[in-house]
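Residue numbers (my numbering): 302 to 633. Quick notes on the structure that follows.
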C-alpha cells in the first residue's frame, strides 16, 4: 500500500514539475519554443510569466496546495476544518508571494483574498468554474476505498469549500480523487474509469448549481479519443487539445487529465504527454500522473525523476506518505 500512496504523491509532483515550463502556453507556442517536445524537467522560461518563478524539477501551486491540505488534515486528525485549511493556504500564498507572482488560480485568488481581508462572500466559490479544487485533490483519494463514493464526495466538498463550492468544481475534484482511490485497488483501468464516471453525479448534487457541459460526457469523449488513437500519442494529444480542451476550466482540464491517464496508464509517459499537451499543462499533469502513480506504484517512477524531485523541492515526501497512510487507516 505504501508503494501506491507514494506513487500518488510522487506522480503528482512529477506531472506538475514536468508540465511547469509550458504552463498556460498554447500547444503551438510550446512546440515552437521548446523545439517540438519536452522530454525532461526544465527551468521555467523567463518568457512564461507564471513558470518563470520555478526552476528545473520544482513543482508549482498544484502540489504545494496538496501538501498544505495534508498538513491541515494531519493537524486536525483528518476532520476537515475550512478555517484551518484557509489560514494555511493564505500563509503559503503570502510566503510564495502568490498574489504578486500570478501563481494562484483565478477562483482561489479571489476567495483567499476575501478570507484574508475578512470579506464574507460566497459568490466566487459558488460560481467557480476553474480547476483549483481538482488540482490539489489527488492525495485525498488515497484516504478512501472506491466503494465509499458518497463519503469521498462529502470529504472532497469539505476540503474544497474554502475556495470552490460549485457543482462542477466539486464533481471534478471528486472524479480525480476517485481516480486515485480506484487506481490504488484496481489493476484494470476500465474499472477505474467506471468508478470515476459513477462518482460524478454525487458531486453535482453537492455543490451550488452552475451551467456548463457535464464532466462525465466530456470525459467519455476523451476516453473514446484515447481508444480511437491508441498507439498514436501525437494524434491523440492533438485531438484531445482540439476537442476536449486543456484550459484552466475544470470542464476541460479534468476530462483531459483522466483521458491522458487512460491513454498512458504510466506516470512517466503521462508526465511527458501532459508537458507537451498545451494549456494548463502542470495541473493536467498533476492530476493525470497522480492517478497513474496510484495505478502503477512509486516503484515504477523513474529513479532519476524521484531524485530530482527530492533535490529540487524542500519537502519530506516520506513524511507526507506517512500522513496518507494514517489517514487511510482511519477511513478504509
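Glycine residues also receive a C-beta, built at the ideal position from the N, C-alpha and C atoms. From a predicted model like this one, the values you see are computed outputs, not experimental measurements.
So residue i and residue j are in contact, right, with Cβ under 8 Å, and what is the actual spacing, rounded?
i	j	result
residue 473	residue 423	The pair is not a contact, with the Cβ atoms about 19 Å apart (cut-off 8 Å).
residue 390	residue 366	7 Å
residue 549	residue 403	12 Å between Cβ atoms; not a contact.
residue 638	residue 613	Since the first and last residues shown for the chain are 302 and 633, residue 638 lies out of range.
With DSSP as the reference, please indicate the residues paired to residue i in a beta bridge.
i	result
residue 509	467
residue 591	Answer by DSSP bridge pairing: none, since residue 591 is not bridged.
residue 580	326
residue 550	431
Rounded to the nearest angstrom, what separates residue i and residue j at their Cα positions?
i	j	result
residue 562	residue 383	30 Å
residue 317	residue 328	17 Å
residue 572	residue 541	16 Å
residue 445	residue 596	15 Å
residue 456	residue 394	23 Å
residue 332	residue 322	12 Å
residue 307	residue 522	30 Å
residue 477	residue 439	6 Å
residue 615	residue 398	17 Å
residue 525	residue 560	9 Å
residue 342	residue 520	28 Å
residue 369	residue 375	10 Å
residue 583	residue 514	23 Å
residue 415	residue 533	46 Å
residue 452	residue 575	30 Å
residue 401	residue 551	24 Å
residue 489	residue 531	16 Å
residue 589	residue 442	13 Å
residue 625	residue 371	8 Å
residue 430	residue 324	19 Å
residue 295	residue 420	Residue 295 falls outside the range modelled here, since the chain spans only 302 to 633, and no answer is possible.
residue 632	residue 448	12 Å
residue 627	residue 506	29 Å
residue 364	residue 309	11 Å
residue 604	residue 569	11 Å
residue 362	residue 587	10 Å
residue 385	residue 373	6 Å
residue 338	residue 380	43 Å
residue 566	residue 593	5 Å
residue 509	residue 466	6 Å
residue 491	residue 535	22 Å
residue 556	residue 355	26 Å
residue 347	residue 622	33 Å
Going by the beta-carbon positions, is the gap between residue i and residue j smaller than 8 Å?
i	j	result
residue 538	residue 585	no
residue 498	residue 528	no
residue 418	residue 600	no
residue 591	residue 547	no
residue 665	residue 493	No answer is possible for residue 665: the residues shown for the chain start at 302 and end at 633.
residue 428	residue 471	no
residue 578	residue 314	no
residue 602	residue 320	no
residue 460	residue 511	no
residue 326	residue 349	yes
residue 500	residue 450	yes
residue 463	residue 392	no
Give the list of continuous beta strand (DSSP E) stretches no shorter than 3 residues that lie fully inside the stretch 390 to 470. none
Where are the beta strand (DSSP E) runs, 3 residues long or more, that stay fully inside the stretch 351 to 394, in chain order? none
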